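Report on one structure; see the data block that follows.
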Amino acid sequence: MPARIAVVLVLLLAASAVRAEVIMTEKAALERAFPGLVPERRTLYLKPEQVKAVEKAARSRMPSPVVTVFEARAEGELVGRAVLDTHVVRTLPETLLTVIHPDGRLRMALVLQFAEPPDYLPREGWLHTLTGRALDDELWPGRGVRRVTGATLTVQALTEAVRRALALDALILRGKE
1 MPARIAVVLV LLLAASAVRA EVIMTEKAAL ERAFPGLVPE RRTLYLKPEQ
51 VKAVEKAARS RMPSPVVTVF EARAEGELVG RAVLDTHVVR TLPETLLTVI
101 HPDGRLRMAL VLQFAEPPDY LPREGWLHTL TGRALDDELW PGRGVRRVTG
151 ATLTVQALTE AVRRALALDA LILRGKE
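Take the sequence shown: its letter number 1 is residue 1 in the numbering used here, and every next letter is one higher.
Put into structure tokens, the structure is as follows:
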């Protein structure tokens, strides 16, 4: 009997440790990104050559060839796109919604869920420092992106997710090669 209780306790503790903290729902993030609009959701199934092209441009590996993209339009005109990216930070997942202007610059980045300890997540103000950025050589921690003490791996993971979204937008969504 005590062995069963110990097993149940271990399983409960493991399950609670793996559970990601939802910071913002997808719906709330899309409302914040595109107020008053209903973005169209698309699922892209990238071909191996498309994955390689995005990875080369972003200088970061894609977590999956299946990508969820949202496009928002007002009166038929593109207002912006958003890309969902779930990736591992240190050992646990994080989901980021990267919102992109029609010209390919970053509009905003929103963390939807974060399973690592909360201390490893940079403050929202840090995410605002990425606003307006394009995919270039300065979009790296220690170059044009500020590092955050105690959140080094998170900053790297967030920056790489933004780079992947911007590369995906440039190469696949806007059709630039």
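Each residue gets a CB set at the ideal place from its N, CA and C atoms; glycine is no exception.
This structure is a prediction, so every number in the text was calculated from the model and none was measured.
- Per DSSP, G104 has no beta-bridge partner at all.
- Residue environment analysis places V69 among the buried positions, since at least 16 neighbouring C-beta atoms fall within 10 angstroms of its C-beta.
- Classified as buried, L121 has 16 or more neighbouring CB atoms from the shown chains inside 10 Å of its CB.
- When secondary structure is reduced to three states using DSSP, A115 falls in the coil class, being assigned neither helix nor strand.
- Nearest to A57 by C-alpha distance, out of L78, L173, R164, is R164.
- Within the same chain, and ignoring the five residues on either side of V145 in sequence, the residues whose Cβ sits closer than 6 Å to its Cβ are T159.
- Excluding its 5 nearest sequence neighbours in each direction, A134 has C-beta neighbours in its own chain below 8 Å: G104, R105, L106, L166, listed in chain order.
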